[in-house]
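Q: If you count the sequence shown from 1, position 634 lands on 634 in my numbering, and the numbers rise without skipping. Handing you a structure now.
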Amino acid sequence: FGFRNNNVVIANTNGYLTTDPMGIEFIATADDRTTQTPNRIRLSFKGVVPEGTMGGVLATLMDYQVGEMRLEPYWDGPTLKVILGRNGSTEDVVSDPSELRVLGTNQLYEAEWTNNPTGDGGTMTFFINGQQIGTPKPTNTKPRITPLMPMEIGASSGNTSVGIPNLEVEYVSVSYDKPGIAVSYQNVSSGPISRADLQALAVDARNVTAPGPYVLRYSIGNGTPFELSINVGEMSLPAGRAYKAVLEDWSTGVGVPHPRELVMTRVAAQNCRFEDSDLYDAQASWTEVLPQGPVPNINGINYYCEGIRMGNYVQFQFIYDWDTTQMPANPFGDPTNKESYMVAHKWMIYDNQGTLLARIEQPNGEPLNNPARPACWEGTVDGRGVAIITANNRWQPHGTTRSSVIWRSHDPVAYDQARIWNTVPTYDIRVPFGSNTGYSVNGGDARIFGDGQINGFANYRVMPWEPSDTNALIAQAAASTMLHRSLLTETAITPNAGIWLKYTPFNQMGRSPVTGPGGTRDDRQIMPEMVAVYARDVNSTRPFDGRSMKQIALDYLTGYASDPVYGMENGRARPLYKGTGNARRNIRLRKHYYGYGEASVPETQAWYVQGGRTYEWMAGSNPLRVRVPGAGTDPKKP
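As C-alpha cells, this is what we get:
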C-alpha cells in the first residue's frame with residue numbers, strides 16, 4: 001500500500017481493502033428468489049483506475065454463494081460492469097459505452113439497481129461523475145444483500161486475483177433505501193377482543209404525563225382473570241429486588257469493583273410469553289432486561305449480563321465474549337491465539353438501596369478463574385489415568401469466552417405432574433432405564449485426567465452432588481443402599497470424583513466436546529435422562545443418595561450455561577439463525593471434533609467450535625494422549 005494525492009494506493013494484487021461485515025439488513029422471506037432484496041441500492045467508487053485496466057474489483061459486497069453486487073471497469077469499450085448474485089448464480093450487467101469514462105483520471109463510477117416489486121429482476125443504471133450513461137439495463141436477477149457482507153476493494157471474499165494493481169482509492173460507498181415497515185393501530189375499548197388482537201396489544205404512552213401504574217384487566221375463554229400492570233417511564237424496583245450487578249476484578253489478589261456497574265433496568269423486550277398454546281396461558285409473562293450502560297471490558301473480553309424479570313423472580317446470565325478488537329466479525333472468525341480465559345473475578349448483586357443480595361463465587365468463596373488453581377488439574381492419577389482427587393487438592397472448572405454463569409433470586413415455580421404429562425413426552429416406565437453397570441457409561445474431560453475416555457465417567461446415577469474427592473466418594477458408595485451394586489465398585493465410581501451435579505459457576509457436569517457427539521451418555525436424547533425421570537415422576541429421587549430428581553434436573557439444565565456456545569452478536573446472545581435476514585445465511589462449522597471442517601467460505605462466515613473451548617491443553621500431562629485437530633497446545637489459548 002501507498003499514498004498518492006492523499007488517497008490510498010493498492011500497489012499490487014497482494015493487497016486489498018475491506019471493512020467489517022456491514023450489517024445491512026433487508027426483509028427476509030421464505031422465498032429464495034426474493035428474500036433480502038433491497039428496493040434500491042447503489043455502489044460508488046471514487047478514485048483513479050490505471051490506464052489499460054481490462055477489469056477487476058472496484059467495490060463489492062459478497063456473501064459467498066449467497067449474494068453479491070460487484071462494480072468493475074469493463075474491457076469491451078469505455079463501459080462499466082456489475083455482477084449481481086443470488087444463491088450461487090450470477091448475472092453480468094454491462095453499461096452502454098460512454099466517452100465520459102477516462103481511465104487514468106480521478107472519476108466517480110456508480111451503479112444503481114432498482115427492484116421490480118411486481119415481477120422478476122429489476123433495472124441497473126450506471127453513472128460517471130454523477131451523469132447517467134446510456135439507458136437503464138433490465139436484469140433477471142434480484143441481488144441478495146445480507147448483514148454478513150463486508151465492502152471489499154481489490155478482492156472478492158479475500159480473493160485478490162481479481163484486484164487492480166496501482167489502484168488509487170479516494171472513497172467507496174454503498175447507499176440504499178431503508179426498508180419500509182407499515183404499522184397501523186386501532187383503538188380498543190372495554191368488551192370482547194380476539195386473542196390475536198390481545199397478543200398484538202400496544203400501549204400508546206405519547207400523551208401520558210404520570211408514570212402510573214395503570215391496570216389492564218382481561219379474562220380468557222375459560223374465565224380465568226388476569227391483570228397487567230403498566231408503568232410508563234423508568235423501571236422502578238422495591239428494596240430487596242436485584243437491581244444491579246458489579247464486577248469485582250481479583251486479578252491482583254484483592255477484589256476491585258469495576259467502574260462500569262451493570263444497572264439491569266433497560267427493557268429489551270416485555271410481555272414475553274411462550275408461543276405454545278398451552279404454555280401461553282400457563283406461564284406468566286416476563287420482561288427481558290439489559291444494562292443501562294456499557295459492560296466491563298478487561299484485556300479484550302467483554303463481561304456481559306442479560307436478565308429476566310417475572311414478578312419477584314429475577315434471573316441474571318453473565319456471558320463472556322471477545323470484543324470487536326479481538327473478533328471483528330464476532331461470533332464468527334478464527335479465535336486462534338486469542339486469550340480466552342477471563343481474569344479472576346466475582347459478581348456482586350445489589351438492590352437499589354445498596355444492600356448486597358448475592359455474591360457469585362466458587363463454592364469455597366474463592367473468585368472464579370482463581371489462578372492459584374490450575375485450569376487443568378494437577379495431581380496423582382491411578383493406573384487408568386483417572387485423577388485421584390484429595391480433600392486438599394480439589395479441582396475447580398475455569399470459564400472461558402462464550403461460557404456463562406446463571407444467578408437466580410430463587411428457584412422457579414414448578415409445574416404440577418398433570419400439566420407436565422399433558423405438555424411434554426414422558427418415558428414409558430414399563431421399559432426400565434439402563435446404564436446401571438460400571439462400563440455402560442463412558443467419557444472424559446482432559447482438564448481432570450489425561451486419557452481419552454474412561455468407563456463410568458459422568459454417570460449421573462453415582463456422580464456426587466457437590467464437589468467431592470476420591471475417598472469421600474468411595475465411602476459414600478459403600479454406604480449407599482441402591483439396588484445396582486455394579487455402579488458402586490471403586491472402578492466404576494472413582495472416575496466421577498472430580499465432577500458433580502450441583503450447579504456451580506462453569507460446572508459442566510461431565511459434558512465435554514471431546515467425548516464425541518452429544519455430550520455425556522445420559523444426555524444424548526430429546527431430553528437429558530435425569531430430566532426425563534423427573535418429568536415422569538416429579539416426586540422421584542435418586543437411589544444413590546435419595547437426592548430429589550427435581551433438584552438434579554433443574555441444576556443439570558442450568559449447567560448448560562457453562563457450555564462455551566454463547567457467541568455474542570451485536571452485544572446480544574441469540575441463535576445464529578434468528579433475526580431479520582439470518583434464517584438462511586450461509587454459515588459453516590470449523591475446528592470441531594472431526595477436524596478442520598468446511599473451508600469454502602471466509603472465516604467471517606464460520607463458527608469455530610474451538611472458540612471458547614474450556615480445556616487447557618497441556619503438552620505431556622499424565623500423559624495427554626488426546627488431540628483435537630486445530631486446538632493447539634498453548635495453555636493460555638485453548
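Don't be surprised by glycine CBs; every beta carbon is placed ideally from N, CA and C.
1) Could you confirm whether any beta carbon from chain C is found closer than 7 Å to the beta carbon of N231?
2) Quick one: Cα of R408 to Cα of D197, how far?
3) Measure the Cβ-Cβ separation of I389 and D276 and say whether it is below 7 Å.
4) Which whole-angstrom value describes the C-beta separation of P331 and W607, a residue pair presumed to lie in contact below a C-beta threshold of 8 Å?
5) Just curious, the alpha helix (DSSP H) that V82 is in, first and last residue?
6) From the DSSP output, which residues share a beta bridge with W407?
7) Could you check whether the region 381-388 touches the region 362-372, counting it as contact only if at least three pairs of C-beta atoms, one from each stretch, sit closer than 8 Å?
8) Can P291 and C305 be called in contact, C-beta distance under 7 Å?
9) What does DSSP give as the partner residue(s) for D249 in the beta ladder?
10) For a quick check, are the C-beta atoms of G443 and F457 less than 7 Å apart?
11) Beta-carbon within less than 8 Å of L488's beta-carbon, same chain only, minus the 5 sequence neighbours each way: which residues are those?
12) Nearest to H398 by CA position, among H345, T355, G158 and D416, is which residue?
13) Would you say Y109 and Y243 are within 7 Å of each other, going by their C-beta atoms?
14) Please classify M124: is it buried, with 16 or more other beta-carbons within 10 angstroms of its beta-carbon, or exposed?
15) How should F226 be labelled, buried or exposed, when 16 other C-beta atoms within 10 angstroms of its C-beta is the threshold for buried?
16) Could you check whether S95 and T79 sit closer than 7 Å to each other, using their CB atoms as the reference points?
17) CB Q508 to CB S562, shorter than 7 Å?
18) Under the rule that 16 or more other beta-carbon atoms within 10 Å means buried, what is N271, buried or exposed?
19) If you compare alpha carbons, which of Y64, G240 and V246 is closest to H410?
20) For P192, count the other beta carbons within 10 Å of its own beta carbon; 16 or more makes it buried, fewer makes it exposed. Which is it?
21) Pair every Cβ in the region 164-179 with every Cβ in the region 197-207, then say whether three or more of these pairs are closer than 8 Å.
22) Flag this pair as touching only if the region 40-54 and the region 156-170 have three or more C-beta atom pairs under 8 Å; answer yes or no.
23) Quick one: is W75 buried, meaning 16 or more other Cβ sit within 10 Å of its Cβ, or exposed?
24) Got a sec? Which residues, its chain only, sit under 6 Å from P464 by beta carbon, not counting five neighbours each side?
25) Excluding the 5 residues preceding and the 5 following P517 in the sequence, name in chain order all residues of the same chain whose CB lies nearer than 6 Å to its CB.
26) Cα separation between T135 and E91?
27) Pop quiz: A111 and L71 are said to be a contact at Cβ under 8 Å. What is the actual Cβ separation, rounded to whole angstroms?
28) If you draw a straight line from the C-alpha of V188 to the C-alpha of S194, how long is it?
29) Who are the Cβ neighbours of S540 in its own chain at under 6 Å, not counting the five residues just before and after it?
30) State the beta-bridge partners of C272 as determined by DSSP.
31) Start and end of the alpha helix (DSSP H) containing D197?
32) Once the 5 residues before and after I420 are set aside, which same chain residues still bring their CB inside 8 Å of it?
33) What whole-angstrom Cβ distance do M423 and Y503 have, given they're in contact under 8 Å?
34) Residue range of the beta strand (DSSP E) that V215 falls in?
35) What residues match up with A59 in a beta bridge as DSSP calls it?
36) Indicate whether M568 and A553 have their beta-carbon atoms separated by less than 7 Å.
A: Concretely, from the data shown:
1) In the structure shown, chain C does not exist; there is a single protein chain.
2) 33 Å
3) no
4) 7 Å
5) No alpha helix (DSSP H) contains V82, which is instead part of the beta strand (DSSP E) from T79 to R86.
6) F316
7) no
8) yes
9) V256 and H345
10) yes
11) V462, A477, A478, S480 and M482
12) H345
13) no
14) buried
15) exposed
16) yes
17) yes
18) exposed
19) G240
20) exposed
21) no
22) yes
23) exposed
24) L473 and W500
25) Here P517 scores only 41 on pLDDT, less than 50, and its place in the model is too uncertain to base an answer on.
26) 18 Å
27) 5 Å
28) 11 Å
29) V533 and M549
30) W286
31) R195 to Q199
32) T426, A535 and V538
33) It is worth fixing the name first, because residue 423 is Thr in this sequence and not Met. That belief does not hold up - the Cβ atoms of T423 and Y503 are roughly 24 Å apart, past 8 Å.
34) Y214 to S219
35) L71
36) no
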